[in-house]
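Following the numbering used here, the numbering of the sequence shown begins with 151 at its first residue and continues without gaps. We put the beta carbon where it would ideally sit given N, CA and C, even for glycine.
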Amino acid sequence: MKDLEERVYIEYVSKEIKSIRENDEAKNKLLKGISISMIAASFIGFALFISSIDNKSMIADNLFSQYQRSDANENDEGSIDSILSKTQQMIQQEDYVQAIKQLEHIPDSDHKDWYLLNAYLGIDDFNNMEFYFHKINTDQYHLYNLELDLMFTVHLYIYKFKRSILYALI
């Protein structure tokens with residue numbers, strides 16, 4: 151009789167263990183499916199974020215903080231304010247090479263550095279752009295130092311990464 155009770159008890163315990171294992175396996179499958187879905191969604195989101203970053207949108211965002219002439223003389227074609235105003239318009243119109251040529255004729259200034267950074271970014275000249283980025287970023291008294299915040303820097307490096315992948319594929 152005791153043997154029979156032990157067998158019944160063992161059978162009952164083994165069924166309980168089997169059902170617990172089946173429940174654990176089902177939970178593990180569900181968690182694995184959710185994890186794979188989350189990874190795929192994160193990857194797709196990151197890919198969409200990377201594809202949305204381009205130099206033109208970065209430059210357009212920067213134009214909100216660029217040099218604004220307060221009392222520039224519109225009739226004085228050779229004045230620095232006039233040249234900076236024309237340069238800003240050229241950058242807005244995506245005429246980056248002409249903007250760089252305009253800036254060659256004015257003395258060094260914080261405004262000139264900022265425009266050159268944006269113009270070189272516009273033509274994907276990363277060597278010259280990095281020079282001005284470093285110049286502005288390391289000078290805490292530069293007028294545009296605070297414009298190179300974390301978001302701008304992250305977007306810049308993601309854009310450079312994206313461009314390097316595109317150049318590698320071509």
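Taking 8 Å as the cut-off, decide whether the C-beta atoms of W264 and I230 are in contact.
No, the pair does not count as a contact, with Cβ atoms beyond the cut-off.
Neighbour-count burial assignment, I189, 16 or more Cβ in a 10 Å radius:
Per the 10 Å Cβ criterion, exposed.
Alpha carbons only, please: which of Y282, L300, E297 is nearest the one belonging to A269?
Nearest of Y282, L300, E297 to A269, Cα basis: Y282.
CA-CA distance, I170 and R313?
Roughly 52 Å between the two C-alpha positions.
Taking all protein chains shown into account, decide if K168 is buried (16 or more other Cβ within 10 angstroms of its Cβ) or exposed.
K168 comes out exposed.
Should G272 and E297 be called a contact, given that it needs their Cβ atoms to be closer than 8 Å?
If you check the CB distance, G272 and E297 do not come in under 8 Å.
Quick one, are the C-beta atoms of I250 and L266 less than 8 Å apart?
Yes. Within cutoff.
Closest residue to H102 among T237, I241, Q242 (Cα-Cα distance):
Since the displayed the chain opens at 151 and closes at 320, residue 102 lies outside it and no answer follows.
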